[in-house]
Structure formats: C-alpha cells, structure tokens
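Everything below concerns the one structure shown next.
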Amino acid sequence: MLEPKGYIVLGMHIFGGEFSTLEAFNTTSHTKFDIKCRCCACAELNLFKNLTDIKDLKCETERANFDSLPAALLTVFQILTQEDWNEVLYNGMEKTSP
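Its first residue numbered 3, the sequence shown is counted upward by one per residue in this note's numbering.
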C-alpha cells in the first residue's frame with residue numbers, strides 16, 4: 003500500500019491540471035461555452051484572449067485539485083479523512099471523461 007505522499011505524486015501525475023475549465027461568452031452567436039483546459043495559463047486562454055467576439059473569459063479551477071503540491075496534499079487529506087471525498091470523485095470523473 004502506498005503512503006499518502008505516494009498518492010500525492012500519483013495524483014499530480016495523473017490529474018495535474020485536469021480540474022480547470024475555461025468559460026467564455028461568444029458575442030456573435032450569443033452563446034456561453036466552456037472547454038476543458040489543462041491549466042489557467044494554458045495556450046487556449048491566450049488564444050481566446052486575442053479573439054474579438056469573445057468576452058467574459060475566465061478560467062476556474064476546482065478547490066480540490068492536483069495542480070500543485072500543497073493543493074494535492076490537501077486533496078489527498080480530504081479523501082483520506084472522507085470529508086466530501088465524493089466531490090473529488092465526481093469532479094475527477096467529469097473532468098477526465100471524454
């Protein structure tokens with residue numbers, strides 16, 4: 003069985019950057035859309051910033067994530083103490099499924 007630090011490294015390797023979503027509003031078609039984004043400093047964010055028909059561009063990351071070591075430590079602690087562990091499960095399934 004892995005120690006908690008093993009789960010932290012494994013989670014960062016598998017889920018690092020997966021819990022981010024890029025949200026925007028298209029003024030031409032008047033629709034709101036969101037796409038999966040690897041991180042909030044991703045190439046998609048820079049690409050959409052240069053488009054003129056996109057407004058209200060924002061990148062949101064879930065509170066429980068594996069993007070950095072402190073965030074991964076807190077997420078693994080949340081799972082091990084079973085405090086809202088199902089939130090992490092459902093976010094992981096939603097963000098990583100095709």
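Here a beta-carbon is modelled for each residue, glycine too, at the ideal position from N, C-alpha and C. What you are looking at is a predicted structure, and each value in this text was computed from that prediction instead of being measured.
Fewer than three Cβ pairs drawn from the segment 28–39 and the segment 86–95 lie within less than 8 Å of each other, which leaves the two stretches out of contact.
If the five residues before and after Phe35 are omitted, its C-beta is found closer than 7 Å to the C-beta atoms of Ala26, Asn28, all from its own chain and listed in chain order. Within the same chain, Cβ atoms closer than 7 Å to the Cβ of Gly18 are found at Phe68, Asp69, the five residues on either side in sequence being excluded. With fewer than 16 neighbouring CB atoms inside 10 Å of its own CB, Phe79 falls in the exposed class.
When the five nearest sequence neighbours on each side are left out, the beta carbons in the same chain lying within less than 6 Å of the beta carbon of Met14 are those of Phe68, Ala74, in order along the chain.
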